Amino acid sequence: MISQTQLYPSNPGLTALASIAAINQDLWRMVQTGGQGIEKSWRSMKLAGLASLNKPIIANLSTLPLLSQHTPKVAKHVAALQANKVSLRTICASQIRQFMEVIYMTTTAITSMREMRRSGNDVVGDRPWGTHFCNFYESGKDLLDMLLSYFKAGLEDNEFCVWVVSEPLSERVAWDALRAAIPDFDDYVSKRSIEVFDGRDWYMKGGTFDSNRVMSAWNEKLDRALDRGYLGLRGTGNTAWLQKKDWKAFSEYEQLVNDSVAGRLAFLLCTYSLDSCGANELLDVMGTHQFATARRRGRWELIETPELKQAKAEIKKMNDELEQRVVERTRQLTAVNEELTKEVIERQHAEDALRQAEETVRTTQTRLSRATQIATTAEFAAAIAHEINQPLAAVVANGHACLRWLSVQPPGLVKAQEAAERIVRDGTEAGEVVRRIRALFKHAPVDKIDLDLNEVIAEVLQLLSGERTRRGVSVEADLEKDLGTVAGDRVQLQQVVFNLLLNGIEAMDSVLDRPKKLFIRSKRQSPETVLVEIRDSGVGLKDPEKVFEAFFTSKENGMGMGLAVCRSIIDAHHGRLWAASGEGAGTTFSFTIPAATVSGATLEVS
Amino acid sequence: MNSDSPIVFVVDDDYRVREALSSLISSVGLRVAVFNSAAEFLESEKPDAPACLVLDLQLPGASGLELQEQLVTGDAPPIIFISGHGDIPSSVRAMKAGAIEFLAKPFGEQELLQAIARAIALDRNARQKRSQLAELQTHYNLLTPREREVLPFVVAGFANKVTAADLGTSEITIGVHRGQIMRKMGARSLAELIRMADTLGITRVARPA
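Chains as they are written, first to last, in the numbering used here: chain A, 1 to 606; chain B, 1001 to 1209.
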């Protein structure tokens, strides 16, 4: 960070920008790494703050865009959470906590940078961290007076003090004077709160003046001071050792210090002997410090350039504005926080409501399916009742007839016998209906034998011959000779063929303008499958699939059970039953059943 | 069993029901004729005898209710409906349209036979009324147009004089017409003539004020 800011020593604007970028990066990382990184980040932020140049506030300003970036980020998080339905309470809270911490740290940093330090001099008064000023002294006493009160204030205020002495003072004089001037000075010494260096050792290590080395030395002292828990670094240096040839280099060094001290927890005083300064040197010194003090004619004076005054005013204004903005931001953030909390609660409620709704839907579905089951059962019962009612009605009537024929004089024995025979016949039929239906409902394994579907078809056609004649329907059968056998229940398959044929016949009841023709075809569709097709020339179906639903009927008195039963029979035979219909082209009902005997060779080929 | 003896028509598409009902009904000495469909019944020759119709509600083609609608206009026999699963709307419709009974299968013999007896009695009665009316109509057809003009005045109790004045003719002429009317209608008294006119639905002329 320091190296970054030092890339542009002559341009405070660029330096500030670099600093902002650095801090941004740092804070970003901090936010991303989460709470455990806060301590470390706080530390690096302090360093970053110290690294930035003339305008300490700008560094802190950088957190504002950072914070504003977070509002959409929070929104995005919320959206993602909404999508994922993760419990957002914790994550939101941690985000908010992080923003609050950033705000707090920013505020703390600003406050600490703006914290006023006592200079120990009435004319200079209190000045913030980052102050870099100079003192022109006439005598060694003036110098000592200035510096003793300077360090007294620093030590008392928990600052780490570094005194670089030059003539007319010496290290020994400095120590003695300090011990004399400051109560309990030995305590500070034992705590190593103050260090005194010889000017030549400090500045001219190795015999030459190296501004970078000296800067590094000051930075090192500052870092150590902060590490050891001091609020900052208070330092002073003297140039009495300075020779004319080094003046230019030193002046550049002063400029560097002046440019870099801002925003750092450093308080620096440079002392110059008024006697040894010519006009040129005076101007240089004045240009490289924020302000100057001097005791002239027994009175302390403060010399401030108009430019400096203006800059200070601007900084103050910026400070105030920033404070205002931080307050504003904090308020906004608090509001956002509250809103988020509210939203989290609302979401929680919504989720609860949703869960409840889902629960209700599930319950309703269960009830509905039960209701459907009951309705289905009721309809089945009605269908069974109808199937059995006809023969039963006949049985009852025949029974009565039989009794009457026996009771008349003379008894009508032949008639009675006929009636009794019909009772047996119809009763047996009713029993058969019951057996079939029971098998259907129980999903009992069908009574499968190898049978020829062509035979089944022929039998049913025989059964329906009367019906066909009565209704004027002609049937064309195209039955494949080598159809092979299927494994099936004869009665059930008869029922299917019967139903489909009767349906076809009935579908043509309304046909008057053309011959009523019914086609039935059987075919070995593949080595594994036998296909039967029944096509009528009736009006066709609007929705061929719907006819298989239970209770669907196009007949006024139909129960809508026939085709549903057919389908369940074919299903039980592992086959498929479907209908296809073209506009005005009649309807084709087709079913397939697996062939009973498939040779191993055929299987392998397939 | 002569040609006058009552006959029961059974229309049901189920041969088992047809056979059973045929046997049951004939066991009580009634004639039975069975039909597979409404169309078959309509096309058939019916003997001139008291009758009733036992009709299945669910028939292929024209349903029982449709057949009922077709029959209700003519001199159709009373209808007894039988149904495998009679629903309330159908039965209400049937009864409103004049069915005398609605039986759900399977039904007891008493219910059916009593209904049949009642239906035949009703039909016999209706047939009698119809034949009486037909006889009256035959007599009425003998009247001349003028006599038919005079009849409403006579049955309204007008004096011949008043009628003559009203029709613009003489009292004597009206008297002759009156005698002819009584003779041709076979009425033995004015009271009988008035009953006949009522049966024929002849409106009496309003008495002048």
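By construction, the Cβ of each residue, glycine as well, lies at the ideal position given by its N, Cα and C atoms.
Just so you know, these numbers come straight off a predicted model, no measurement behind them.
Practice task
With 9 Å as the limit, tell me which residues of the region 388-403 of chain A have their beta carbon closer than that to any beta carbon of chain B; keep them in chain order.
Solution key: If the cut-off is 9 Å between Cβ atoms, the region 388-403 of chain A has N389, Q390, P391, L392, A393, A394, V395, V396, A397, N398, G399, H400, A401, C402 and L403 near chain B.
Practice task
Identify, in the order they occur along the chain, each residue of the same chain with its Cβ nearer than 6 Å to the Cβ of D1048 (chain B), setting aside the five sequence neighbours on each side.
Solution key: Nothing listed; no residue qualifies.
Handout entry: Neighbourhood of P1050 (chain B) by C-beta distance below 7 Å, restricted to the same chain and skipping five residues each side
Key = Excluding residues within five positions, the ones whose Cβ falls inside 7 Å are P1006, I1120, D1123, R1124 and R1127.
Exercise for the section: Using a cut-off of 9 Å between C-beta atoms, extract the partners of A419 (chain A) located in chain B. Expected result: Within 9 Å Cβ-Cβ: E1019, A1020, S1023, L1024 and S1027.
Exercise for the section: Say whether the region 1034-1048 of chain B touches the region 394-414 of chain A, bearing in mind that this needs 3 or more beta-carbon pairs closer than 8 Å, one atom from each stretch. Expected result: No, the region 1034-1048 of chain B is not in contact with the region 394-414 of chain A.
Practice task
Determine the burial state of N503 (chain A): buried for a count of at least 16 other Cβ atoms within 10 Å of its Cβ, exposed for fewer.
Solution key: With 16 or more Cβ atoms within 10 Å of its Cβ, N503 (chain A) is classed as buried.
Exercise for the section: Find the residues of chain B that neighbour D513 (chain A), judging by a C-beta separation of less than 8 Å, and give them in chain order. Expected result: Listed along chain B is no residue with a C-beta nearer than 8 Å to that of D513 (chain A); the closest approach is about 17 Å.
Practice task
Could you tell me whether the region 151-161 of chain A touches the region 226-236 of chain A, using the rule of 3 or more Cβ pairs below 8 Å?
Solution key: Touching, yes.
Practice task
Select from A:N398, A:G466, A:R228 and A:N238 the residue whose C-alpha is nearest the C-alpha of T1022 (chain B).
Solution key: Note that residue 1022 (chain B) is Ser in the sequence shown, not Thr. Ranking A:N398, A:G466, A:R228 and A:N238 by CA distance to the CA of S1022 (chain B) puts A:N398 first.
Practice task
Classify D1012 (chain B) as buried or exposed, calling it buried when 16 or more other Cβ atoms lie within 10 Å of its own Cβ.
Solution key: By the Cβ neighbour-count rule, D1012 (chain B) is buried, with 16 or more other Cβ atoms within 10 Å of its own.
Problem - Run of the alpha helix (DSSP H) containing C277 (chain A), from where it starts to where it stops - result: Neither: C277 (chain A) is in no alpha helix (DSSP H) and is coded neither H nor E.
Handout entry: Cα-Cα separation, V1154 (chain B) to M1196 (chain B)
Key = Taking the CA atoms as reference points, V1154 (chain B) sits about 12 Å from M1196 (chain B).
Problem - Burial state of H574 (chain A) (16 or more Cβ within 10 Å) - result: Exposed, since its Cβ has fewer than 16 Cβ neighbours within 10 Å.
Exercise for the section: State yes or no: is the C-beta of R1018 (chain B) within less than 8 Å of the C-beta of V1010 (chain B)? Expected result: Cβ distance < 8 Å, so R1018 (chain B) and V1010 (chain B) count as in contact.
Handout entry: Nearest residue (CA-CA) to A487 (chain A), options A:T592, A:W578 and A:D513
Key = Out of A:T592, A:W578 and A:D513, A:T592 has the C-alpha closest to the C-alpha of A487 (chain A).
Problem - Residue-chain proximity (G562 (chain A), chain B), Cβ-Cβ < 8 Å - result: The C-beta of G562 (chain A) comes no closer than 8 Å to any C-beta of chain B.
Practice task
Under 8 Å by Cβ, that's how I've got G120 (chain A) and A153 (chain A) pegged, so tell me the actual separation to the nearest angstrom.
Solution key: Separation of the CB atoms of G120 (chain A) and A153 (chain A) is rounded to 4 Å, and the pair is thereby assigned contact status at 8 Å.
Exercise for the section: Please state whether DSSP places R299 (chain A) in a helix, a strand or coil. Expected result: When secondary structure is reduced to three states using DSSP, R299 (chain A) falls in the strand class.
Exercise for the section: Tell me, please, whether the CB atom of P1006 (chain B) is closer than 8 Å to any CB atom in chain A? Expected result: It does not; no Cβ of chain A falls within 8 Å.
Practice task
Please check the pair I1080 (chain B) and L1057 (chain B), which I expect to be a contact at CB under 8 Å, by giving their CB distance rounded to whole angstroms.
Solution key: With a beta-carbon spacing of about 11 Å, I1080 (chain B) and L1057 (chain B) fall beyond the 8 Å limit used to define contacts.
Handout entry: Neighbourhood of D246 (chain A) by C-beta distance below 8 Å, restricted to the same chain and skipping five residues each side
Key = For D246 (chain A), same chain residues with a beta-carbon under 8 Å away, outside a window of 5 residues either side, are F209 in chain order.
Practice task
Verify the CB distance criterion: does G1084 (chain B) have a CB-CB separation below 8 Å to chain A?
Solution key: Chain A, which has a Cβ nearer than 8 Å to the Cβ of G1084 (chain B), makes this yes.
Exercise for the section: Check each candidate in B:N1160, B:K1161, B:P1152 and B:T1138 and name the one with the smallest Cα separation from A1206 (chain B). Expected result: Selected option, being the one with the closest Cα: B:P1152.
Practice task
Use the C-beta contact count for V74 (chain A): other C-beta atoms within 10 angstroms, 16 or more gives buried, fewer gives exposed.
Solution key: With a pLDDT of 41 at V74 (chain A), under the threshold of 50, the modelled position of that residue is not reliable, and the figure given next carries that caveat. With 16 or more Cβ atoms within 10 Å of its Cβ, V74 (chain A) is classed as buried.
Handout entry: DSSP three-state assignment for W129 (chain A), whether helix, strand or coil
Key = Shown here, W129 (chain A) sits in coil according to DSSP, grouped into three states, outside any helix or strand.
Practice task
Measuring alpha carbon to alpha carbon, tell me which of A:E351, A:I388, A:S211 and A:R264 ends up nearest G130 (chain A).
Solution key: Check the Cα spacing between G130 (chain A) and each of A:E351, A:I388, A:S211 and A:R264: the tightest is with A:R264.
Problem - Amino acids of chain A, ordered along the chain, whose beta-carbon sits closer than 9 Å to that of D1166 (chain B) - result: Going along chain A, no residue has its Cβ under 9 Å from D1166 (chain B), so there is no contact; the nearest lies around 60 Å.
Exercise for the section: Would you give the residue range spanned by the alpha helix (DSSP H) that E1043 (chain B) belongs to? Expected result: Counted as a single uninterrupted DSSP element, the alpha helix (DSSP H) harbouring E1043 (chain B) occupies residues A1038 to E1043.
Problem - Rounded C-alpha distance that separates L1053 (chain B) from A1117 (chain B) - result: L1053 (chain B) and A1117 (chain B): Cα-Cα distance of roughly 11 Å.
Exercise for the section: Specify the secondary structure class of S1005 (chain B) as computed by DSSP and reduced to three states. Expected result: The answer is coil: DSSP assigns S1005 (chain B) none of H, G, I, E or B.
Problem - Of the listed residues A:Y272, A:A279, A:N280 and A:G278, nearest to A292 (chain A) (C-alpha basis) - result: Distances from the CA of A292 (chain A) to each of A:Y272, A:A279, A:N280 and A:G278 were compared; the closest alpha carbon is that of A:Y272.
Problem - Coarse secondary structure for F1035 (chain B), derived from DSSP in three states - result: Three-state DSSP puts F1035 (chain B) in a strand.
Problem - Which of helix, strand or coil DSSP assigns to F519 (chain A) - result: Annotated three-state conformation of F519 (chain A) is strand, per DSSP.
Practice task
Would you mind stating whether R200 (chain A) and W175 (chain A) have Cβ atoms separated by less than 8 Å?
Solution key: Judged by beta-carbon spacing, W175 (chain A) lies beyond the 8 Å limit of R200 (chain A), meaning their Cβ atoms are not closer than that value.
Problem - Cβ neighbours of R490 (chain A) in the same chain (closer than 6 Å, five flanking residues each side left out) - result: If we look at R490 (chain A) and ignore the five residues flanking it on each side, its Cβ neighbours are L451.
Handout entry: Pair within 8 Å by beta-carbon distance, L1067 (chain B) and A1020 (chain B)
Key = No, the Cβ-Cβ distance between L1067 (chain B) and A1020 (chain B) is not below 8 Å.
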